[in-house]
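*Asks:* Here it is, the structure, as structure tokens.
Residue numbers (UniProt numbering): 1 to 276.
Here is the structure:
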């Protein structure tokens, strides 16, 4: 007689099942991975702080600037212009003034644009110095309009703005109602007249009195030349400039005039010279 194995009753499959055994090694492996991850994060943080401390030590902070070949440009102006660039942040946690992180090309572009330089070269010198070599545009005059001051070349082009007068340059005080708004403040004919007056004064009168300022307005037939001894000269720039300056030279030589004697000398009328 054959016996048939009874099938499991359907209701048994709904009973709670006995949990499967999990080997202890599984938990050990998971804990090991977690521990390795924590250690890795800690090392990353330590490395970041180490790098930050290296790149922020004062020994490597650029703070010495050496300026070479400058004529009008001062070290104080350079330092003021570069201050914001050097103190700017870099890569979130660093500053731009670190010797290794600092790039010189942006500094060169900044200085060339700010001071209208012909050439500028910025070099790093370990551990914390910058050597800046410049080639400035040659200036002949200072152009003054109200409180605005610019260095001006012999062709009447603006070089760069300055903050104070410099007595080594002839001042061109511009009182004209309108003037060009580009780099060429004077036309070719106007700057030629100014150069003629300047050079003529140097030749004929420079040994007697230094010319310090020319006041220019819309009427070029009434130009005022200021001397260092106090008096000023009324001159017609549309007339014979050499003749007028010769007349002035004769008066100064013959009369031994000093600044306290007169207010002005008017040489606009040929051989007739008026003093007041």
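Cβ coordinates follow ideal geometry from the N, Cα and C atoms, glycine included.
On the premise that residue 231 lies in contact with residue 264, defined as a C-beta separation below 8 Å, what is that separation, rounded to the nearest angstrom?
*Replies:* Rounded, the Cβ-Cβ distance is 6 Å, consistent with contact.
*Asks:* Roughly how many angstroms separate the alpha carbons of residue 181 and residue 134, rounded to a whole number?
*Replies:* Cα to Cα, the separation comes out at about 27 Å.
*Asks:* Helix or strand or just coil, what does DSSP make of residue 42?
*Replies:* Residue 42 falls in the helix class under three-state DSSP.
*Asks:* Which whole-angstrom value is the C-beta distance of residue 179 and residue 171, which I expect to be below 8 Å?
*Replies:* In fact, because the Cβ distance is near 16 Å, the residues do not count as touching under 8 Å.
*Asks:* Contact defined as beta carbons within less than 8 Å: I believe residue 169 pairs with residue 141. What is the distance between those atoms, to the nearest angstrom?
*Replies:* Contact flag correct, Cβ pair sits at about 6 Å.
*Asks:* In terms of alpha-carbon separation, which member of 71, 72 and 128 lies closest to residue 303?
*Replies:* In the structure as shown, the chain begins at 1 and stops at 276. Residue 303 is therefore absent and cannot be evaluated.
*Asks:* Of all the options 176, 150, 107 and 174, which has the alpha carbon lying nearest to the alpha carbon of residue 165?
*Replies:* The shortest C-alpha separation from residue 165 is found at 150.
*Asks:* Roughly how many angstroms separate the alpha carbons of residue 100 and residue 158, rounded to a whole number?
*Replies:* When rounded, the distance between both Cα atoms is 37 Å.
*Asks:* Assuming residue 96 contacts residue 88 (C-beta within less than 8 Å), just tell me the rounded distance between them.
*Replies:* Contact holds; Cβ gap of about 5 Å.
*Asks:* My output table needs one value for residue 239: the three-state DSSP class, helix, strand or coil.
*Replies:* In the structure shown, residue 239 sits in coil (DSSP, three-state: anything other than H, G, I, E or B).
*Asks:* Excluding five sequence neighbours on each side, which residues of the same chain lie with their C-beta closer than 6 Å to the C-beta of residue 119?
*Replies:* The residues are 135.
*Asks:* Around the C-beta of residue 1, are 16 or more other C-beta atoms found within 10 angstroms, so that it is buried, or is it exposed?
*Replies:* Reliability of the predicted coordinates at residue 1 is poor, the pLDDT of 49 falling under 50, and no value is obtained from them.
*Asks:* At 4 residues or longer, what runs of the alpha helix (DSSP H) sit wholly inside the stretch 131–209?
*Replies:* Those alpha helix (DSSP H) runs which fall completely within the stretch 131–209 and span 4+ residues are 188–204.
*Asks:* Can you tell me whether DSSP reads residue 1 as helix, strand or coil?
*Replies:* In this prediction, residue 1 has a pLDDT of 49, which is less than 50 and means its spatial position is unreliable; what the coordinates show is noted afterwards. Here residue 1 sits in coil by DSSP.
*Asks:* So which of 156, 35 and 160 has the shortest CA-CA distance to residue 193?
*Replies:* Residue 156 is the option with its Cα nearest to residue 193.
*Asks:* Please return the same chain residues whose Cβ sits closer than 6 Å to the Cβ of residue 121, not counting the five positions on each side in sequence.
*Replies:* Closer than 6 Å at the Cβ level, and outside the excluded window around residue 121, lie 133.
*Asks:* From residue 139 to residue 73, what distance separates their C-alpha atoms?
*Replies:* One C-alpha to the other measures close to 11 Å.
*Asks:* Can you give me the start and stop residues for the alpha helix (DSSP H) that residue 84 sits inside?
*Replies:* Looking at the DSSP string, the run of the alpha helix (DSSP H) that includes residue 84 is 75–87.
*Asks:* Leaving out five residues before and five after residue 268 in sequence, what residues of the same chain have Cβ atoms less than 8 Å from its Cβ?
*Replies:* Excluding residues within five positions, the ones whose Cβ falls inside 8 Å are 221, 222, 234, 235, 236, 239 and 244.
*Asks:* Pick helix, strand or coil for residue 47, following the three-state DSSP scheme.
*Replies:* Reduced to three states, the DSSP call for residue 47 is helix.
*Asks:* Under three-state DSSP, which class holds residue 120?
*Replies:* Correct three-state label for residue 120: strand.
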